[in-house]
Structure formats: C-alpha cells, structure tokens
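Have a look at the structure below before the remarks.
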Amino acid sequence: MPVGVPHVRDRDNGQMQPATPILELTGATVRFGADAVIDGVGLRLFPGEVHSLMGENGAGKSTVIKAITGVYQLDAGRLELDGEVVRFASPHDAQRAGIGTVYQEIDLLPNVSVAENISLGREPRAFGGIDWKRMRREAHDILLELGVDIDPASLLGTHSVAVQQLVAIARAISADVKVLVLDEPTSSLDLDEVAELFRVIRELTARGVAVLFVSHFLDQVYELCDRLTVLRDGKFVGEYLTQELLRIDLVEAMLGRSAAALTAPRPAPESTPEGTADPAVVVRDVSVGRRLRNASVDLVAGEVLGVAGLLGSGRSELARAIGGIDRPENGFVRIAGTDVSGGGPRAAMALGVFYSSEDRRREGIIGDLSVLENITLALQADRGILRRIPSARRRELAASWVEALDIRPPDLDRPAGTLSGGNQQKVLLARLLALSPQVLLLDEPTRGIDVGAKVEIQNLVVEMAANGLSVMFISAELEEVVRVAHRVAVLRDGVVVDVLPAENLTMDALLALVAQPGGDDV
Amino acid sequence: MTTDMQTRPTAPGAERGIVARYNTFMSRRSSLMPTLAAVAILIILLVAAQVRFDRFLSPGNLSALLLDNAYLVVLAVGMTFVILTGGIDLSVGSVMAFTGILSASLLSQQLPAIIVIPVMLLGGAAIGLMIGVLVQYFNVQPFIASLAGLFLARGLAFVVSLSSIRVEDPAVLWLQRTRFAFGGWYITPTGLIALAVVAIAFYVLHWTRFGRTVYAIGGSEQSARLMGLKVARTKILVYVISGVCGGVAGLLLTAYSGAGYPRNGIGTELDAIAAVVIGGTLLAGGTGYVLGSLVGVLVYGTIKKLISFMGAEQSWTQIIIGFLLLVFIVVQRVIVTRSQRRT
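Structure (structure tokens):
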C-alpha cells in the first residue's frame, strides 16, 4: 500500500475513496547513451497537493521534471495524465495538456513585455493580428490574482527577479493548468517574497491544482509540502507523507548509507595533527552572496578536512572561495600566511592551492584529449608556453602517475573521455598532483563513480594527507566524509555550524547536525 | 503583495505626472531610445545640410533620397528580421546581384516580367533557405553559413554573365520611370515597393505570432523553445525572408540602373547591417524596430548625398558611417549593460 494517498468523499455513496492521481509516472527511465540518468522512477501527484521531489545533486530531479514536461522522452516506463497514457513530443505538447512549468533559471524573455511573456504562444487575436489590448488586460487580471500589480506593457527585464518569478508562474497558470511544476522557485527570493509565493501556491492547490515543488531548502519543504518523493542516484527511494517523515530520516534517505562504503577497508587516517602547527589555510568570516555567510575554518598541513552538508548548504562555495574562484565579499582567506582574498584563482594556485570541480565532465576532464595530455595539461600551463616540457619527459611523468594512481587501462594515448568515471577522477587527481600542490580542494571527487573506485579515491586522499598535503574533502555521502577526514566541518544554509573531530563521530550525530532545522534562511 | 514589489506604477489610472510618464515610457519602450537617437541624428543632418546648402531640403531632393536607396531599404528590412533573432546574413548583396543579373539575362531572352520576377524572388528564397537550414539543422554559425551564401550567389551571378546586360523590358523600366508627383514631390513604383515592404514587415513583426517569435528567439532561444514556440521554423524563415528581400532588392536595383551587373552590391550587405544597427537594432538580437532600419537607411543616404553636395570624396561617407556605427554600438553596449545591472 503506497503511503499517504489523499482520500476524497465519493459523490454517490458518501464513502471516503482514495483519490486518483492526476499525474502518475511509472518505471520511468531516461538514458543518455548507455548511462541511465533516471532508472525506474515513480512519481504520483494528486489534485490539490503540494508534492516535493527530493534528492541530492545528480539524483535525477531535473531529469524527472524534464520527462514530465516533454523536454526529454522516456526510454522506458510510462506517464499518465488524468488516467490516460501520454507521450509529449515537446514542451508545447505538455503545456497544452495542462502541465505548467517554471524552470530553475527563469525561462522568460527580458526583452519583451510582461504581457507577452505570459501569453506568447497562445496570444489573443483579432483582425488577423495579435489583440494587444486584450492581451494586456488578461495579463493584468491574472497578475492581480497573484497579487502582483505591475504594468503589463512594461518590459520584463525592468522588474526584480522576484516579480519575474511570479510572472513565470502567471504564465504557467494562465493556461488551464492541472499540474504546476516549480523547480527551485525560491532560490533567488527573500523571506517576504517566499511567503508571498507560498500564499499563491496554496491558493492554486485550493483550486485543485497539483504542485510539484522542488527545493533544497528543507524548511520550505516541510512548511509547504504534503508528500514527498525521494530520489538517489537516479533511482526511486520512497514516497512519504511529509508530516510522518522525520527530517533526519529524510536526509538519510537522500544521502543514503552506502553498504559498500561500510564494508570496504577503512583507510585509517592518522590521528589529528598537532593543533599547534601553523594552519596552511585560514578562512575568517568569509561570505559569498547568500550562499556562504561568515564562514571560518582552518586547514592544517597533513590533514583531511571533511565538509558535510546538503546541496546548497554552501559546501562548494567554501572550497571555491578558498581556491579564489568566488570572490569573498567580506572576511579573508589566508594561505601560508599570505592574504589571497580577491586575488583570483591565480593567486591561490601560485601558493599551491588547487580546486577540483564537482562537475568533472564540464569543468575538468577534456574528453577528446588523451590521458597523457590531460595529466600534463596544467603542468605545462603552469610553466608557460615557452618552456615546453620535452615530450619524453611528459610521457615519463604521465606514466609514473598512471602507475601510482593505478589508472586503468594504463594507456597514455587513450582519449580520457572513454575512461570510466573513477579513472577520469584519478586522471584529474594526477593532473593536480603533478603540480606539487600544498592544498587540494576536492569537491565531490567520488560522485557518480562505482564503489570500488570510490574506495581507491578515498585511500588516495588519506595517503596524500599522510605525505603532508592538506586536503579539503567535500562529499554528499556522510559516511565517506567521516571515514576519510580527520575533522569534519558541517555546513547548513551557508553557515559553518560546527567543526568536529571525525574520530568517534557517529552518523546519527552528524545527520542531526546536517538536518537540524533553524538558520534564518527559510 | 508587499509594496517593494511594485516596481512600476500601474498603467491604467496611475497618476500622470511627468516623472510617472517618463517611468512608464522607460519601462515599456526603453528599447526605442537608440531608434529615437537615429531619428534625432537624421533631423540634425537634414537641418545642418539645409543651413549649409540652401536647396538641400527641396522636395525633389528628398524624394530622390528614397528613390536612390530603395534597394537598400528592402535589404535592411530583411536584415532586421535576421538580426532580431541574433543572426546575421552576409549574403544579401550577392543575392541582389545574382537575382539582378539573372533577371536581366532572362528578360533579354524575351521571357515576360511576370515570370521573371517570381523567379528572382524564388532564387533569393532558395539561397535564404539554404542558409537557414545550415544554421538551424547543421548548427553552422550564421556568419559562416551566410558567407557560404555570399560566395555561392556571387559565383552564380558570374555564371549567368560576366558583363553587364541591359534591360529593355517595359514593365521593369516602368517601375523606375513612372513618377507619381504631388507638387515638387514624387515617388516611383520602386519607392512604393520599398515602403510596402517596410509596412508589411512592421505588421508581421508586431502583430503576428511569427513576428513575436522572432523577438523571443533574440531574447533567449532556449526560453522561446521552452515556451513552446516554433523556433526551428522561425529561424529558417527569417533567412528565407532575407533572401526574398535580396530578390526584391535585385529587382529594384535592376530597374534603377536599367541593367543587370554581376559586380553589383559588393559590400552592400555591410551597408544594410550598418543601417540596421544605426536604426537601433541590437546586434545581439531581441531588440529593435524595422522602422528604425528605414531611418538608418535614410541617415546613410543623407550622409552620402551631403558628401556629394560638398563635392568631397565619397570615401568620407564610409568614414562617417564607420564613426556613427562605432558610436551606436558603444551606446547599445551601455544600454545592454545597464539593463543587465537592473535585473
């Protein structure tokens, strides 16, 4: 029996009956090439409910949304709308069938009027042309319904992001909408604006619209949503009633307890290095936008500092601020005694601090280049184009890293894109290690790679620290963080809530810290 | 709604102070500013010319302004469609030459104009279609795809004839020689055709879904697609429209010069782009007006005429146009940066 099915009173006999879902996704699978991005995912939306789709980065939330809204087509499984199996060839089809969507990045046109943004594609016509007056009147009416009083003839780009967000919702509901999909609608809104948005959402559900609400703000999910569906690694984890699911259990469902990580040999970290040593990196009161606020941490030589936190907690921002990629708005980052805040990545790299992105494919590996080139790329760039590394020397160097990190297959001339995820990650590590770094900032180095490779990467990280490097290790998997790190910094809603020694740190205690409600960023 | 979210006064019934009106105008029509600047420049040029040369603002002279530049008006209209989507079409000058020489050749073989003219338009449309398909389905940069179109059309023009061919067809010559006069003013059928093309383009861009889709693609192609608009069809169609405009311009130029010549219109595509940009259309796409492009052509024509009145070298036209372009692109850059800061 699936949980939390809303009941409605049957008109004929007055009995309570389970409601039928307005939208039901069953066994949904979407593949890109050989990789299944989502695999057998189910999702049910009932009229009048707010349903949340939960999951970490790469869990497949966006793919599920795109499968519902006609951007992607299902490779397996089916989508039912109002009891009928449907296949949408395009977003246009989905809109016509009554599925309105507001995408994460506001998908509107800043260069045309608010009214056009609402009605483009189904604008009213008269005398063989667009009826501008009626279009503006209708736009004005629907905006007033949402409590927005703006000139519908004004250009969208002249309004604040919050107003644009509401215009996007106005567009989505201006068609006869049965299902409204909101992908991270609150990420750029302030508190009042969020409250306003919630009021609008509740009004819509009172009218019988089913709302799919995707947000990484747990507080918002708990405030607004009736039920939620959790995904992990592209797979369905469960469907829950929000009020029956403890926050800590939700976080556990999202992050998972990977059995393999628990059985693998523990890469015994050294005991915490002497606290008296001068820290390699000192971060004090660093803020980056709203996503990282007044963060302070130290990183000691020979230490692995684990960073635990949910998606959007500021864990990547912290690493990026240290690596000089994001410019801190206040506070400072000091590396080996030198203040590098505002110096950009070059200043950090000059002191041996390197950031490895969580997005390996987009910001790391160059798939068409060979393993050899991928490994020696940064080293050559560091030396400058005039001091070319002799090719024999490059080959020798790359071969030694391939051997040291056990990159398989050990073929230097193979395009790096054809390697498995784990081996690509090792190539990236080799590239950074070739630069003789002092500090490595590894953002989700084990994401999307298989269990065996994960353990190897973990062992490598521990070994690097044993050789005197400082490593910041960010991972969505809490077990992994605890196992690899000497100390664990916990982030929540952009704030470093605690830094604890990893020894004797229990999963439950860590989960509680990561999930605990509070913080002023609702 | 909280008060701070009312960033603009409500249109109907809001107080009508000058400030409020200005705000309303800026929130609705800030994109008109570059076009208004072009109008101002045109007026300044005309007034200055009149002060310097007494007879500059004569009806005959102003009528000739439209007549001399009718082909450029038509090219600029087609170019406006393409640039509004964020693309560019370098082929139009060559398309004009190709369709012109083709028509002169066909007419010299005693084919009637009623057949030749549709053939010209189809020829332009075919080259436009090729460019559009390359851009849309083969993901070729518009610059490169239309450069291919440029070489193709120019080559085809030389295939038709290596030298100029006189046109004797009465119907085509009628387009140029007929003058509908009102006092000192006059207009030829070629001028009427150019104005009709502008009017049709204005209607299409502002009152049809296709036209609004053109603007939408220029604003954000991805968004336009997610909004369910027909992006692929529209993107191909703008190049077809530009090609057809190239064909019409070929007709007008043939009538104007009384001959087809395969070396016509070398560099004219750049004049058309300059006119469009001076007329206030952003090269990035999404913002601009076809009437602005008409103004842009008139600015171009006025400068050219002014230079010849002054008896100076025509190269000064290019220097001044180049300078104006530079100023306008900087102004556009400032506008775009400002609007980005606001959001």
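For the protein sequence lines, the chains are C and P, in the order given.
First residue of the first sequence: 1, per my numbering; consecutive thereafter.
First residue of the second sequence: 523, per my numbering; consecutive thereafter.
Heads up, the beta-carbon is just placed ideally off N, CA and C, and yes, glycines get one too.
None of the values given here were measured: they were computed from a predicted structure.
So which of the options has the shortest CA-CA distance to residue i?
i, options, result
"C:Arg-408", "C:Pro-124, C:Pro-437 and C:Gln-424", "C:Gln-424"
"C:Leu-180", "C:Glu-396, C:Ile-99, C:Leu-120 and C:Arg-199", "C:Ile-99"
"P:Gly-801", "P:Ser-625, P:Gly-600, P:Leu-820 and P:Gly-789", "P:Leu-820"
"C:Arg-96", "C:Glu-456, C:Val-300 and C:Ala-175", "C:Ala-175"
"C:Ser-436", "C:Gly-421, C:Asn-467 and C:Pro-445", "C:Asn-467"
"P:Met-832", "P:Ile-565, P:Ala-542, P:Ser-549 and P:Arg-577", "P:Arg-577"
"C:Glu-239", "C:His-51, C:Leu-120, C:Val-462 and C:Glu-503", "C:His-51"
"C:Met-254", "C:Leu-166, C:Leu-224, C:Leu-53 and C:Leu-351", "C:Leu-53"
"C:Gln-220", "C:Arg-431, C:Glu-463, C:Val-237 and C:Ile-201", "C:Ile-201"
"P:Gln-632", "P:Val-852, P:Leu-579, P:Ala-619 and P:Val-689", "P:Val-689"
"C:Gly-121", "P:Gln-840, P:Arg-731, P:Arg-755 and P:Glu-835", "P:Arg-731"
"P:Met-601", "P:Gly-823, P:Lys-752, P:Gly-844 and P:Ala-794", "P:Ala-794"
"P:Leu-805", "P:Gly-713, P:Thr-607, P:Leu-628 and P:Ser-585", "P:Thr-607"
"C:Ile-375", "C:Leu-432, C:Leu-386, C:Ala-347 and C:Ala-350", "C:Leu-432"
Between residue i and residue j, which are expected to be in contact by the criterion C-beta below 8 Å, what is the C-beta distance as a whole number of angstroms?
i, j, result
"C:Gly-60", "C:Gly-234", "4 Å"
"P:Val-617", "P:Gly-646", "5 Å"
"P:Val-766", "P:Gly-677", "Contact flag wrong, Cβ pair sits at about 20 Å."
"C:Ala-465", "C:Gly-422", "The Cβ separation is near 20 Å, so there is no contact."
"C:Tyr-72", "C:Val-30", "5 Å"
"C:Val-439", "C:Ala-280", "6 Å"
"C:Val-163", "C:Val-148", "6 Å"
"C:Leu-25", "C:Gly-42", "6 Å"
Can you tell me whether residue i is buried or exposed? The criterion is at least 16 other CB atoms within 10 Å of its CB, across all chains shown.
i, result
"C:Gly-208", "exposed"
"P:Leu-816", "buried"
"P:Thr-859", "exposed"
"C:Asp-521", "Residue placement at C:Asp-521 is flagged as unreliable, the pLDDT there being 41, under the threshold of 50; the coordinate-derived value follows with that caveat. Under this definition C:Asp-521 is a buried residue."
"P:Ile-788", "exposed"
"C:Asn-111", "buried"
"P:Gly-671", "buried"
"C:Ser-356", "buried"
"P:Val-770", "buried"
"C:Ala-502", "buried"
"C:Asp-339", "exposed"
"C:Phe-236", "buried"
"C:Lys-133", "exposed"
"P:Ile-825", "buried"
"C:Pro-265", "Low confidence applies here, because C:Pro-265 scores a pLDDT of 49, under 50, leaving its location unreliable and the question unanswered by this model."
"P:Gly-535", "Any reading at P:Gly-535 needs caution, since the residue's pLDDT is 44, under 50, leaving its predicted position unreliable; the model's value is listed next. So P:Gly-535 ends up on the exposed side."
"C:Asn-504", "exposed"
"C:Phe-217", "buried"
"C:Gln-243", "exposed"
"P:Asp-526", "Annotation note: pLDDT 43 at P:Asp-526 (below 50); position unreliable, coordinate value reported separately. P:Asp-526 should be labelled exposed."
"C:Ser-296", "exposed"
Closer than 7 Å: is that where the CB of residue i sits relative to any heavy atom of the ligand MN?
i, result
"C:Ile-365", "Although the ligand MN was asked about, the structure shown includes no ligands whatsoever."
May I ask which residues mark the beginning and end of the beta strand (DSSP E) holding residue i?
i, result
"P:Arg-699", "Careful: P:Arg-699 lies outside any beta strand (DSSP E), inside the alpha helix (DSSP H) at 692-699."
"C:Arg-31", "23-32"
"C:His-51", "50-54"
"C:Tyr-240", "235-241"
"C:Arg-334", "330-335"
"C:Asp-285", "279-288"
"P:Tyr-708", "707-709"
"C:Tyr-355", "353-356"
"C:Val-340", "No beta strand (DSSP E) contains C:Val-340, which DSSP labels as neither H nor E."
Considering just the uninterrupted stretch of the alpha helix (DSSP H) at residue i, what are its terminal residues?
i, result
"C:Lys-133", "132-145"
"P:Tyr-544", "540-551"
"P:Gly-769", "753-779"
"P:Arg-734", "731-741"
"C:Arg-202", "191-206"
"C:Leu-245", "Counting along the chain, C:Leu-245 falls outside any alpha helix (DSSP H), and DSSP gives it neither H nor E."
"C:Thr-229", "Where C:Thr-229 is concerned, there is no enclosing alpha helix (DSSP H), although the beta strand (DSSP E) it sits in stretches over 227-232."
"C:Val-371", "371-383"
"C:Ser-391", "391-404"
Alpha helix (DSSP H) runs wholly inside the segment 409-438 of chain C, at least 4 long, in chain order = 421-433
Taking only runs of the alpha helix (DSSP H) that begin and end inside the segment 622-666 of chain P, which ones reach a length of at least 4 residues, in chain order?
-> 635-659
Could you pull out every unbroken alpha helix (DSSP H) segment of at least 4 residues lying fully inside the segment 568-593 of chain P, listed in chain order?
-> 581-590
Fully enclosed by the segment 441-479 of chain C, which alpha helix (DSSP H) runs are 4 residues long or longer?
-> 451-466
Residue ranges of each beta strand (DSSP E) within the segment 93-121 of chain C, 3 or longer | 99-102
Complete alpha helix (DSSP H) runs within the segment 71-96 of chain C (minimum length 4 residues, chain order) | 91-96
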